[in-house]
Amino acid sequence: MKTLIEIYQEEQKLYEEKEVRLKAQEAAEKEWQEAISRLQEEKAKVLDHERNKREGVAMSRMIVG
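Our numbering numbers the first residue of the sequence shown as 53 and each following residue consecutively.
See the structure below:
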């Protein structure tokens, strides 16, 4: 049979492990948010570039046409 001190120590260890897991989960969530933000910024730039390219082609056709 465990002593009360051993039980308290084991309980404390479990709480500490839980805290470590929560911090790791928060860090992973932050990394994901940063990655998705970068990707969305990149997508916006590409979409803007594509729109500008189409507008440029349309202007060229108007000038030539």
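We treat Cβ as the ideally placed atom computed from N, Cα and C, and that holds for glycine.
Residue i versus residue j - alpha carbon distance
i	j	result
K75	G108	49 angstroms
Q64	E81	26 angstroms
E62	V72	15 angstroms
E68	R103	52 angstroms
V98	A87	17 angstroms
M53	A79	39 angstroms
K105	M114	14 angstroms
Q1	A96	Since the first residue of the chain shown is 53 and the last is 117, residue 1 is not available in this structure.
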